[in-house]
Structures are given as C-alpha cells and as structure tokens.
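Here is the structure we will look at, set down as structure tokens.
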Amino acid sequence: MNFLKSGLQTVLGTQENGVQLSGAETVERLVDRVTSSTLLEDRRDACRALKALSKKYRIEVGAQGMSAFIQVLEMDRADNEIVGYCLDTLCHITSPEQFDEEADNPNVTVNIGEQFTEMFIKTQENVGLILGFLEEYDFRVRWSAIKLLKSITENRPKQIQDIVLVSPMGVSKLMDLLSDSREVIRNDALLLLIQLTKGNANIQKIVAFENAFDRLFDVIKEEGCSDGGIVVEDCLILMLNLIKNNSSNQQFFKEGSFIQKFSPMFIMPPELEEIGMTPQKVSNLHCMLQIVRSLVSPMNQQQLVSACQKTMRSSGLLEALCNILMGSGIPPDILTETINTVAEVIRGDMNNQDYFSSVNAPSNPPRPALVILLMSMVNEKQPLSLRCAVLYCFQCYLYRNEIGQTAVIQTLLPSTAEVSSLTSGQLLCGGLFSTDSLSNWFSSVSLMHALIENPAQKEQLLRVLLATSVGSTPISLLQQCVQLLHQSNYKIQSKVGLLMLLSVWLSHCQLAVKTFLSTSGSVAFLIAQITANEHDDNEHLIQGLCAFLMGICIQFNDNSVEKNAREDLCQLLIKRIGLETYIAKLGEVSKHENYSKSAKQPQIRIRPQTELLLDYEFCKLYKALESILTKTVNGYGSGNDNMTELTLSSEASGLVGQYKNIIREQDTKIQQLNENIKQSNNELSQLKNQLQQVLETNSQLSDQNILLKAQLQAARTQNHSQIHTNENQNSNIESFTENGQELKQLQTQIEGLTLQHSNCETKINFYEMENNRLLSEIDGLHLRLKETDEKLSNSNSDLEQLRHDQEDLLELLTDQEKKIDSYKKELKKLGHPVDDDDDDEDVEDVK
C-alpha cells in the first residue's frame, strides 16, 4: 500500500531534496525502474505509471522507454497485467491522433505517432511479438494488442502488410479474432482487417480463403443484416476490400454461393415509405451496392462478369434491385447508386437486358422503367448525379443489344398505329431539341448508343421525320441536326453531343454519308468550323470533331453525290484548309483534357456540368478511325489532275486492298475447312470405334446363337426319345393300369420339355432379330464411314484449290508490285516526286 502511494506521487511529480522533478526526469526514473528492478511488482507498478504519463509526455515516454517496453514484453510475457500496461503505453505513443493532454505542448508534431511507429517496426520481430499476443485469451492482452496493431497499421500500412505476410500464421491469428465472443475484440479486429486488406491482393486472398466470407455473413446475420448497426457496415467494407479488383476472390465469392446469401439483404419491407431509412441503413445499403458493382464491373474479366450476372438474375438479386429502383421512399443517393448498379448487372447480358426492359413502374397506367428513367434524364430539375446514372443505365441496356437498339429506333419511325403513351424515342427527341444544353447532350449520346455497331438502325434512323411547326413540311432528323448546328446560339456542349451522334451515325454507313452530303450547307458548315479562329480548348475540340466528321465523309463516301465525291472533298479540304492544318485539327480531339478522362471507363464520373463533353464509346471510335482518316487524306496530297503519283497510288491502293480482302476471305475459308477436316477426322475415329464395338457385340451374339441352337437340338433329341419311350409305355397302359401315377409324372415331364422347347425357340428368334438389327447397323456405319471419307476427300480438294488460288493471287500481287515499281521509275524519270512509304506499308501488310 505504501509502495502504491509512492508510485502515484512519482507520477504526479515528487520533490527530491526539495527540488520538484520534471516530466522527463520522472519518466527517466520510471524507465530505469522497469529495466533494473528485480521484483516483478516493481516493474509492473512502473509500467502502470508510465502508461498514465504516456499521453501527456508522449515524446519522453516513447524516446526513453520503447526498448524497455519491448524487453518487458519478451521477458515478462507470462504476466498478463504488465503485458497489458506495456501494450497500452505503446499504443499511446504510436497513436496517429493527438491527445487533449498534449495540446499545449509545442514539441508534439502531428506525425509524432508515425515517427515512433517507424522506430518500433524497424525491428520486424517486434510486430511478430505483438501478433503472438493475439493468441492470449486474456482480455487486457488481446484487446491491447489489437489496438496497437491498428495504430501502427494506420501509420505505416504498407510496411505492416509486408511484415504480416511473412509472419508465420499472422493472418490466421487475425482471422481467429472474428470468432471471439467478446464483441469489442471482434469489432476492433474487423477494423484492423479493413486496414490490412486495403490495396494488398495477397492478404486479401489469404483472408478470403480463411473462410472470411462465411464468418462475415455470420456476423452480419447476428447484427440484423441490412438493418444492423455500424458493425454490419464494417463487415461490408471488409467484404468490399476483399472483392474489389481481386479476380480470384471474386471467383471464390461466386463459386461459394455467397451471391445467393447476399440477395435477400436487398429485399425492402413494404412499409419502407412510411418508416423511411435510417442513416445507418443508407450506409449499409450503399456498401452492399458497391459490393455488387465490384463483381460486375466492366473492368473485370468478362467471363467472370457474365457468370456473376447470370447468378444475380437467377438468385433474384436483379429483381430486388429493380424493386428498389421503382420503389417509394428511397433516398436520392441510394437511388442513384442503385441505377448505376442495375446498369452494370445488365450490361452486355441479353437475358438481364430483356428482363429490365419488361420492368414496369407501379403507376396507373403502368409505364416501363426505361421511360420513367429517361423522363428523369431529360428533366433539367433533377440532380446531375441522377441524370448521369440514368444515361449510364441506358447505355448499358443498349450495349451489344441489337433488339433493344431496334426497339428504341422503332419508336421514332412513322407508324400507322396510334401511340397513346410516351415512348423512349419521343423523350430523346424532346431532349435533343430542348433549350437545356445538358438535355441536348444526354439525348445525343443516348441516340448515339442506339446506333453503335448496328448499320441497319443507322439506315432506319434516316427515315425519321420531324414536324418542326404546325402545317410545315416534315424534315428528316438528320436535316434537323444539321440545322441545329448552324444556329449561332447553340451551346458548345450541345454541339459536341450532336457532332458525336453524327460521327457514329455516318461511320461505316455510306447511305448516311450520302444523305448528309446531300443536305444543304453540311459541308460548308464543317469547313467553316475547321477554319474558324478558336479561343479556348472547347472550341479546339469543336474543330477537331468537325475535322473527324469531315474525314468520315471522305472515308465512307460511295462517290454518288455530285461535287461531293471522295476526291472532290479531299481537294476542297486541301485547298481551303491545307493538309497539315487539317491533320493538326483532327488531332485536337485526343489532345483535349476531357478525352483522357472519358476514354478510361464506360461510366460517366460526376464532374461539373460543363465538363460533360466526350463519351467513352465515341472515344473508342475516334481511336480506331483517326489513323485511317489521316492516311486516306494524306493519299490525296498532290493536287494534279493528270496521271500522277496521286492517281497511281489511289488505284494501286485500291487494287491491293481488293487483293487483301480476297486473301482474307480465302484464309477464313481455309481455316473453316481445316476445322471441318478436324471434325470429320474426329467423327471418323468415333465411327471406327463404334463399328469395332458393334462387331465385337455381333460376334458374341453369334456365339450365343450357336450355343442356343446346340442346346435346342439336344432338347429336341431328348424330347423325341422321351416321346418314343412314352409311346411304348402308353401301349402297355391297358395292361398296367396300376402304373397310372407313373404315367401322370411322364406327362408332366413331356409338358415341361415342350415348354423348354418353346422358350428356346423364342430366344433363338430374339437373337436372330437382334443379329439382323446389328447387321443393319453395321451396314449403316459402313455407309456413314464411306460418306465421311468422301467428305474428307472433298474438303482436302477444296483446301488444295484454295491454296492454289491464293498462290495465284500472290503472283498477281507480285506482278502488280513490279508494275507499280516500273511506274514509279517512269515518274522519277519525268521529274515527278515519288513517296514510296505508303505503298511499301501496304505491300508489307499483305505479305
């Protein structure tokens, strides 16, 4: 008791020889007692006192006592009380937060905890020592060890992750904490695992394969599922850490049927509109949606995404998400995230897209969910984040969905049937001609996605007619787009949207190019925009988009429009703009800051409204066509009208291109024939094996048939002999009436032999029929074998013929090269400049 009083006086700062000790001197005396005292009680009391001082005098305790604490942990680990004091003190001095007790101390810097952490982990064995204390069941030791690991992990996450990985059973010790019945330990272990799994795929894999998902779902269930508290959110955050950007864990999650366990958590109670969602419920649901998106992100492996999408549909998760989407009482941020989640669950999956198109809103009359969402997208009063989410969802619905694309375009085409309800096409057209520039952009991009990789719908969209005013003559949608571009008050964002729409519409569609070039003022507008004086980056972008659209009109031109054939446009471009200037303008698109952001991923990241300019799919198209357009325009670098290098290069390039196409087609046919031959060989091998089995079976049946015939013959002989004996015996019946019983037995034997004879004949007939059937099957197999041999022979003949044709084409191509070389030599003799680069590249490609 006296010693305890002495310890407390020391903590408070006692006087020695009339002089009061400073905090540093007090700490020094206590550390000395820890290292030099022989009694465990003395060391324990000193550690208790240092723990009390460690918040106010963190620097002094850490600088003087760290090695002493490590020594105690190594030497006195059997005493849980002193170990707990040391761990708590180390936790204080490495804490990333500043304590209230040290707020007035100017020597304490913000990163003082990081500095002490660096000192502590310099010897990696120290971290291993702390991990070892996790095996102690004593509450003071285990909880203090967890808190210390949390502090040093927050300060130096990368280093601690590396140490834990090489520590024997380090991750397993951490995982065992999730089974601790004491909630405070389990909850702090969750927080520690969240820190350790951030950005470390190896730890993520180990944790996942230590049954983390099962344990986390058990905790979530105990805490009330999605209605639970902060512990449920921690479990979901840890689950998200394990799955996000980790393909092996995603596969494990899918194969472990955890998606099926996850689906019921999205079912909302019917009374949600009345009771609403608590803030914690909102946080939990947000984490749940993030987990779903991490499984079906477009950045994941496509095979895994498809498997997860299928499971989400069959488990009812997609249905639950759509119910949230169309439900009442859903907070705006959850609604936005749900729309994004549904988008990625249906993206590229035909069955999921079909299901989504059939979802109706609970309105009177019911309206398709797509229409309800598009109404929000073109409504300028809706939040920007919601409008962007709807656009992304609509894009994902149309992604690789020709049926969906066709359905959207069909709502725009003239129809004899009366349309009583609002359609998606009407909403998009309304947004396209709205006074809100963002609605213009959203609608343009949406229509653009209805045309991507769908040439048929590009031609169908040319049939769309619009009535601009009452009594006026309807004009086509394409003409209306051109007229909108001519308007001086049309904003840059709106122009960017329309130019992207036209670029996708006209690319790979000669009929659309023809219609555009036939529209009055279209070419003049592009030339004027490209040559205009720009003032900022966005105007540079407009010029680049116009140059890109001009290049598309040249590349996909069928030369059917008078004065706007391919050569006419190139000559106009060279004279009015200049070749070098045009190439520079074309490159402005990829130089724009918005291009690099938009080309990274399909989803539109929320940013200021004015920065919504380029679209992901458009960036892909631009990247694919830029070099082709540049090469095409460069081919028209000379403006001479005679047979010059320009004309020669054009003709030669066209001929080489034809040869390339023919050779590609023949290569495809050769590959198909090789596949057919391979399949035929496999079928032939199978037929031979089947024939061999049938022959063996037939041989066995023949042997059985012979044996049965022998048995039948023996039975017949025995039967005749018995009958003869019976006849002799019957002749004496009258004289031997006393043998009536014997006669009766003989008659029974005759009946049995007769029955046996009948059974044998039945078996013989069955085996003969089976034998005939097998012989017929053998004949059929012989016939199929003959046909397969003939088919194989024909395929080999076709293959040889194609190879021969390809050799002839290559010889023709060689002759053509020689002619081109001779033409070039003649041109050089005549004094014309000749550039061999493009033709050489074409020849190399063909070779």
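Counting with full-length UniProt numbering, you get residues 1 to 847 for the letters of the sequence shown. For each residue, glycine too, the CB sits at the ideal point set by N, CA and C.
Can you tell me whether residue i is buried or exposed? The criterion is at least 16 other CB atoms within 10 Å of its CB, across all chains shown.
i	result
residue 642	Residue confidence is low: residue 642 scores 31 on pLDDT, short of 50, so the model does not pin down where it sits. Its coordinate-derived value is still stated next. By the neighbour-count rule (16 or more Cβ atoms within 10 Å), residue 642 is not buried but exposed.
residue 449	buried
residue 48	buried
residue 127	buried
residue 288	buried
residue 651	At residue 651 the pLDDT is 43, less than 50, meaning the model places this residue with poor confidence and gives no usable figure here.
residue 804	exposed
residue 639	At residue 639, the pLDDT of 45 sits below 50, so the modelled position is not reliable and the matter cannot be decided from this model.
residue 588	buried
residue 166	exposed
residue 605	exposed
residue 610	exposed
residue 175	buried
residue 45	buried
residue 582	buried
residue 350	exposed
residue 912	In the structure as shown, the chain starts at 1 and stops at 847, and residue 912 therefore has no counterpart that could be examined.
residue 831	exposed
residue 731	Model confidence at residue 731 stands at a pLDDT of 48, short of 50, so the residue's coordinates are unreliable and nothing is read from them.
residue 537	exposed
residue 354	exposed
residue 121	buried
residue 499	buried
residue 472	exposed
residue 828	exposed
residue 111	exposed
Say the cut is 7 Å; is the CB of residue i nearer than that to a heavy atom of the ligand SAM?
i	result
residue 818	The ligand content of the structure shown is nil, which means the ligand SAM is not present either.
Could you tell me how far apart the beta carbons of residue i and residue j are, in whole angstroms, since I believe they sit closer than 8 Å?
i	j	result
residue 464	residue 398	No, residue 464 and residue 398 are not in contact; Cβ-Cβ is about 17 Å, not under 8 Å.
residue 561	residue 518	6 Å
residue 94	residue 151	5 Å
residue 321	residue 342	5 Å
residue 259	residue 315	6 Å
residue 261	residue 217	6 Å
residue 554	residue 541	Rounded, the Cβ-Cβ distance is 21 Å, inconsistent with contact.
residue 478	residue 442	Contact flag wrong, Cβ pair sits at about 19 Å.
residue 89	residue 50	5 Å
residue 421	residue 347	Between residue 347 and residue 421 the Cβ distance is about 27 Å, and since that is not below 8 Å, they are no contact.
Taking DSSP's pairing of strands, which residues face residue i in a bridge?
i	result
residue 360	368
residue 39	Paired residues: none, contrary to the question.
residue 465	476
With residue i as the anchor, note down where its alpha helix (DSSP H) starts and where it stops.
i	result
residue 311	302–314
residue 597	593–598
residue 84	80–93
residue 255	247–255
residue 281	279–296
residue 486	477–486
residue 409	402–410
residue 204	201–209
residue 609	Taken as a continuous stretch (DSSP letters only), residue 609 belongs to no alpha helix (DSSP H), as it is neither H nor E.
residue 212	212–222
residue 98	No alpha helix (DSSP H) holds residue 98; DSSP gives it neither H nor E.
residue 333	332–346
residue 509	That residue, residue 509, is in no alpha helix (DSSP H); it is neither H nor E in DSSP.
residue 440	437–449
residue 584	579–586
residue 225	No alpha helix (DSSP H) contains residue 225, which DSSP labels as neither H nor E.
residue 139	139–155
residue 622	616–634
residue 427	424–432
residue 197	183–197
residue 556	Residue 556 -> no alpha helix (DSSP H), and no H or E assigned at all.
residue 176	170–176
Is the Cβ of residue i closer than 8 Å to any Cβ of chain D?
i	result
residue 257	Among the chains of the structure shown, chain D does not appear; only one protein chain is present.
Okay, do the segment 362–370 and the segment 317–328 touch, 3+ Cβ pairs below 8 Å being the bar?
Enough Cβ pairs lie closer than 8 Å, so yes.
Segment contact, 8 Å Cβ cut-off, at least three pairs: the segment 439–455 with the segment 388–402:
Taking 8 Å as the limit for Cβ pairs, the verdict is that the segment 388–402 does touch the segment 439–455.
Would you call the segment 510–517 in contact with the segment 592–612, where contact means no fewer than 3 C-beta pairs closer than 8 Å?
Verdict: no, contact absent.
Examine the Cβ distances between the segment 124–144 and the segment 72–84 and report whether three or more of them are shorter than 8 Å.
Output reads yes: the segment 72–84 touches the segment 124–144.
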